[in-house]
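Line by line, the protein sequences give chains G and Z. Just so it is clear: in the first sequence, position 117 is 117 by our numbering, and no numbers are missing. Take any residue in the second sequence, note its place counting from 1, add 430, and you have its number in our numbering. Beta carbons: idealized from backbone N, C-alpha and C, even for Gly. A short write-up of the structure that comes next.
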Amino acid sequence: MSELNEQQVALISAYIKQHGIAQNELHDDLLDHVCTSIERQMDEGKSFEAAFEQTIKLFGPGGLKQVQQQTFELLTEMNENMKKVAFSFGLTSTILLLAGTIFKLMHWPGSAVLIVLGAGSLAFVYLPLLLWHKLKESPRDESMMHISGFVGLTLTTIGVLFKIMHWPGAAITLLSGMAILAALYVPLFYFKKYKSSANKSITLSTGLVAMTCLILVFGLMSVNRSTNFNRGILLVGAELEDSVDKAANNEALYSKLEGNRNAVALKSTVNKSSAILESFRLELISETEGISKEDAKNAKVYLLNGQDNFDIPTHILFGGEGEFSANTLITSLESFQTEILQVYEPEIRSEMASILPFDFSETYTFRNEQMDWANYHLRHIPLSGVLSQLSKMQLDIRNAETQALLYLLSQSAVSESPSGDQGASEAQSL
Amino acid sequence: MHKNLMYICLMYSNELIKGTLKTIVLSLLAKKGRMYGYEITQHVKEETDGKIQLTEGALYPLLHRLEAEGLLDTEKENIGKRVRKYYRLTDTGNDQATSLAAEFHEFSQTMNRLLNNFSLKPSYNV
Numbered sequence: 001m002s003e004l005n006e007q008q009v010a011l012i013s014a015y016i017k018q019h020g021i022a023q024n025e026l027h028d029d030l031l032d033h034v035c036t037s038i039e040r041q042m043d044e045g046k047s048f049e050a051a052f053e054q055t056i057k058l059f060g061p062g063g064l065k066q067v068q069q070q071t072f073e074l075l076t077e078m079n080e081n082m083k084k085v086a087f088s089f090g091l092t093s094t095i096l097l098l099a100g101t102i103f104k105l106m107h108w109p110g111s112a113v114l115i116v117l118g119a120g121s122l123a124f125v126y127l128p129l130l131l132w133h134k135l136k137e138s139p140r141d142e143s144m145m146h147i148s149g150f151v152g153l154t155l156t157t158i159g160v161l162f163k164i165m166h167w168p169g170a171a172i173t174l175l176s177g178m179a180i181l182a183a184l185y186v187p188l189f190y191f192k193k194y195k196s197s198a199n200k201s202i203t204l205s206t207g208l209v210a211m212t213c214l215i216l217v218f219g220l221m222s223v224n225r226s227t228n229f230n231r232g233i234l235l236v237g238a239e240l241e242d243s244v245d246k247a248a249n250n251e252a253l254y255s256k257l258e259g260n261r262n263a264v265a266l267k268s269t270v271n272k273s274s275a276i277l278e279s280f281r282l283e284l285i286s287e288t289e290g291i292s293k294e295d296a297k298n299a300k301v302y303l304l305n306g307q308d309n310f311d312i313p314t315h316i317l318f319g320g321e322g323e324f325s326a327n328t329l330i331t332s333l334e335s336f337q338t339e340i341l342q343v344y345e346p347e348i349r350s351e352m353a354s355i356l357p358f359d360f361s362e363t364y365t366f367r368n369e370q371m372d373w374a375n376y377h378l379r380h381i382p383l384s385g386v387l388s389q390l391s392k393m394q395l396d397i398r399n400a401e402t403q404a405l406l407y408l409l410s411q412s413a414v415s416e417s418p419s420g421d422q423g424a425s426e427a428q429s430l
Numbered sequence: 431m432h433k434n435l436m437y438i439c440l441m442y443s444n445e446l447i448k449g450t451l452k453t454i455v456l457s458l459l460a461k462k463g464r465m466y467g468y469e470i471t472q473h474v475k476e477e478t479d480g481k482i483q484l485t486e487g488a489l490y491p492l493l494h495r496l497e498a499e500g501l502l503d504t505e506k507e508n509i510g511k512r513v514r515k516y517y518r519l520t521d522t523g524n525d526q527a528t529s530l531a532a533e534f535h536e537f538s539q540t541m542n543r544l545l546n547n548f549s550l551k552p553s554y555n556v
């Protein structure tokens with residue numbers, strides 16, 4: 001019984017590979033088949049060459065490659081439904097993500113739902129299906145590559161989702177996902193490509209470029225906003241809040257004006273406006289953080305996760321004409337200014353009006369763009385910034401109140417000392 | 431056209447053999463235990479006096495698919511410098527083999543009866 005020597009087996013193996021059989025399992029099958037067939041024919045007295053030629057002829061006009069094609073088709077036919085499911089999930093999540101991004105850019109409501117659904121189906125349905133498929137269709141020595149690609153991509157997707165939604169833990173998820181992609185998937189992928197590629201230097205250079213890009217993004221991501229800069233901004237906000245608390249201590253002055261009708265009116269208009277500003281503050285914190293208004297009352301701005309979130313504040317203030325729209329805020333501050341002017345004598349009202357804190361008719365320029373008061377002060381300003389603005393408004397109200405109180409006090413001092421006046425006139429007449 | 435040539439068989443039409451390929455392979459393995467690819471082609475050729483010849487292009491894709499479906503298991507053995515893969519039925523494969531064979535028997539009996547009724551003389555009996 002003939003047995004092929006090592007060299008002949010190597011020759012046949014090379015022939016099979018050269019004719020496009022990439023799958024290891026199929027290669028082994030065909031190699032054994034061809035070898036056995038040749039051995040049997042050699043038993044019958046044929047030469048190796050003749051037997052080889054005869055065996056290859058049996059593969060038909062499509063040759064070896066067609067066997068693989070056929071195998072592939074039969075295997076994929078089986079997975080056809082799976083593929084359809086995977087495809088539709090891939091398409092759906094892409095459309096959802098695209099729509100979500102557009103909604104977000106336009107500040108339309110519903111972007112969050114779209115993005116969460118899109119990224120969720122990408123990370124938890126499409127990518128696992130893809131992995132399952134890849135593991136099934138490719139040789140075992142590639143499974144490490146596919147698994148690392150899957151884990152890396154899933155973590156990156158979830159990280160991006162968390163980042164967009166301003167959920168905690170975004171940075172660490174995103175960074176570990178990208179680290180896995182850069183350290184495992186890309187090297188494994190290009191190592192495999194490098195081994196089988198015809199132009200090795202091109203493959204090597206594209207591989208390096210891909211790595212560098214990932215590492216660059218990775219590096220840019222970890223360069224977070226300077227914490228000192230951040231602290232500076234938050235500190236201003238905190239100090240403003242302190243000043244508001246101090247300025248609100250007006251009880252001593254009010255007690256000296258007991259029975260004064262103007263003082264009563266002043267107190268009520270200030271309290272009303274101050275309460276409105278506080279309600280804006282609580283609404284913004286509770287909506288952005290997703291916490292109750294009770295918790296929002298005690299929240300410290302520097303501890304808020306969403307301190308740099310500007311989508312939700314902008315959506316609340318500019319998303320419609322509700323209780324917490326920027327226009328409502330302006331209206332209530334305007335009526336505050338009208339009411340506080342009533343405290344003063346009619347002769348000096350126009351002078352006092354010019355030193356009132358808010359002027360909503362002014363236009364502002366930012367980055368070559370003309371905008372009104374609300375857009376300039378509140379649109380696309382992160383939560384911490386908006387809160388600082390509200391504190392500044394509180395402080396303005398308190399300052400205006402103190403001014404008015406001092407004015408009322410001086411007025412009552414004049415009216416309460418008619419004897420002094422008389423004395424002066426008497427002195428004059430003398 | 432190319433595809434048709436993949437299922438070369440000397441006696442029977444392509445349509446006829448295509449649906450029975452799985453039955454042939456599973457039944458053969460049920461009878462013989464474990465076999466490798468070349469052995470299967472040779473066996474089918476001998477048993478059918480050369481009337482049915484499985485080609486590599488038909489056999490190996492089918493074997494791989496049956497393996498993926500969980501009907502077959504493989505065992506590898508080193509033969510000199512190459513690996514020989516033996517295929518054997520799994521439990522599910524065994525059940526399938528039995529039910530496919532039974533189904534085919536019934537089918538051919540039905541066909542026989544039908545063709546007899548049409549007064550077309552079948553050239554062979556199963």
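| Item | Value |
| --- | --- |
| Entirely within the segment 227–302 of chain G and at least 4 residues each: give me those alpha helix (DSSP H) ranges in chain order. | 227–247, 251–256, 261–289 and 293–298 |
| Any chance the segment 180–190 of chain G sits against the segment 128–136 of chain G, with 3 or more Cβ pairs inside 8 Å? | no |
| Could you pull the start and end residues of the beta strand (DSSP E) that aspartate 503 of chain Z belongs to? | 502–509 |
| Contact defined as beta carbons within less than 8 Å: I believe leucine 240 of chain G pairs with serine 388 of chain G. What is the distance between those atoms, to the nearest angstrom? | 6 Å |
| Taking Cβ positions only, does tyrosine 15 of chain G come closer than 9 Å to chain Z? | no |
| Rounded to a whole number of angstroms, what is the C-alpha to C-alpha distance between methionine 82 of chain G and leucine 129 of chain G? | 8 Å |
| Would valine 209 of chain G be called buried (16 or more neighbouring beta carbons within 10 Å of its own) or exposed? | exposed |
| Count the other CB atoms, across all protein chains shown, that sit within 10 Å of the CB of asparagine 24 of chain G; report buried if there are 16 or more and exposed otherwise. | exposed |
| Interface residues of chain G around lysine 461 of chain Z at Cβ under 8 Å? | Under the 8 Å cutoff, chain G gives no residues; its nearest Cβ is about 20 Å from lysine 461 of chain Z. |
| Using the Cα positions of lysine 297 of chain G and isoleucine 330 of chain G, report the straight-line distance between them to the nearest angstrom. | 23 Å |
| Buried or exposed: where does proline 313 of chain G fall if 16 or more other Cβ atoms within 10 Å of its Cβ makes it buried? | buried |
| According to DSSP, simplified to helix, strand and coil, what is lysine 46 of chain G? | coil |
| Just checking glutamate 294 of chain G against the ligand GDP - is the residue's beta carbon closer than 8 Å to any of the ligand's heavy atoms? | In the structure on display, the ligand GDP does not appear, and there are no ligands present to speak of. |
| Which runs of the alpha helix (DSSP H) fall wholly inside the segment 80–140 of chain G and span at least 4 residues, in chain order? | 80–106, 111–121 and 127–137 |
| Just checking, does the segment 119–128 of chain G make contact with the segment 84–101 of chain G on the three C-beta pairs under 8 Å criterion? | yes |
| Alpha carbon to alpha carbon, what distance is there between glycine 467 of chain Z and leucine 489 of chain Z? | 7 Å |
| Can you list, in chain order, the residues of its chain with a C-beta nearer than 6 Å to that of isoleucine 285 of chain G? Leave out the 5 residues immediately preceding and following it. | Ala296 and Ala299 |
| Return the residues of the segment 25–54 of chain G that lie within a Cβ-Cβ distance of less than 9 Å from chain Z, sorted by chain order. | Glu25, Leu26, Asp28, Asp29, Leu30, Leu31, Asp32, His33, Val34, Cys35, Thr36, Ser37 and Arg40 |
| Can you tell which of G:Ile172, G:Asn260, G:Ile164 and G:Ser350 has its C-alpha closest to the C-alpha of leucine 105 of chain G? | G:Ile164 |
| Taking C-alpha atoms, which residue in G:Ala248, G:Arg379 and G:Lys200 lies nearest to tyrosine 435 of chain G? | With chain G represented from 1 up to 430, any question about residue 435 of chain G goes unanswered, as that position is not in the structure. |
| For threonine 71 of chain G, which residues in chain Z fall below 7 Å Cβ to Cβ? | Tyr490, Pro491 and His494 |
| Report yes if the C-beta distance between leucine 390 of chain G and glutamine 307 of chain G is below 9 Å; otherwise report no. | no |
| Alpha helix (DSSP H) containing phenylalanine 366 of chain G: first to last residue? | Careful: phenylalanine 366 of chain G lies outside any alpha helix (DSSP H), inside the beta strand (DSSP E) at 364–366. |
| Using the Cα positions of methionine 352 of chain G and leucine 341 of chain G, report the straight-line distance between them to the nearest angstrom. | 7 Å |
| When Cβ atoms are compared, which residues of the segment 186–200 of chain G fall closer than 8 Å to chain Z? | none |
| Does alanine 86 of chain G have its Cβ less than 9 Å from a Cβ in chain Z? | no |
| Assuming alanine 248 of chain G and leucine 257 of chain G are in contact, meaning their beta carbons sit under 8 Å apart, how far apart are those beta carbons, in whole angstroms? | Incorrect: roughly 16 Å between the Cβ atoms, too far for contact. |
| Any C-beta of chain G within less than 9 Å: which residues of the segment 499–527 of chain Z qualify? | Glu499, Thr504, Lys506, Ile509, Gly510, Lys511, Arg512, Val513, Arg514 and Lys515 |
| Taking the alpha helix (DSSP H) that glutamate 334 of chain G falls in, what are its first and last residues? | 326–341 |
| Report the neighbours of glutamate 458 of chain G on chain Z: residues whose CB is nearer than 9 Å to its CB, in chain order. | Since the first residue shown for chain G is 1 and the last is 430, residue 458 of chain G is missing from the structure and cannot be characterised. |
| Express the C-alpha separation of serine 415 of chain G and serine 350 of chain G in angstroms, rounding to a whole number. | 23 Å |
| Just to confirm the assignment, what range does the alpha helix (DSSP H) spanning tyrosine 185 of chain G have? | Run containing tyrosine 185 of chain G: none; DSSP gives neither H nor E here. |
| Would glutamate 445 of chain Z be called buried (16 or more neighbouring beta carbons within 10 Å of its own) or exposed? | exposed |
| Under DSSP, the alpha helix (DSSP H) around lysine 462 of chain Z begins and ends at which residues? | 451–462 |
| Who are the Cβ neighbours of tyrosine 516 of chain Z in its own chain at under 8 Å, not counting the five residues just before and after it? | Arg464, Met465, Tyr466, Thr504, Glu505, Lys506 and Glu507 |
| Between the Cα of glutamate 278 of chain G and the Cα atoms of G:Gly63, G:Ala99 and G:Gln394, which residue gives the shortest distance? | G:Gln394 |
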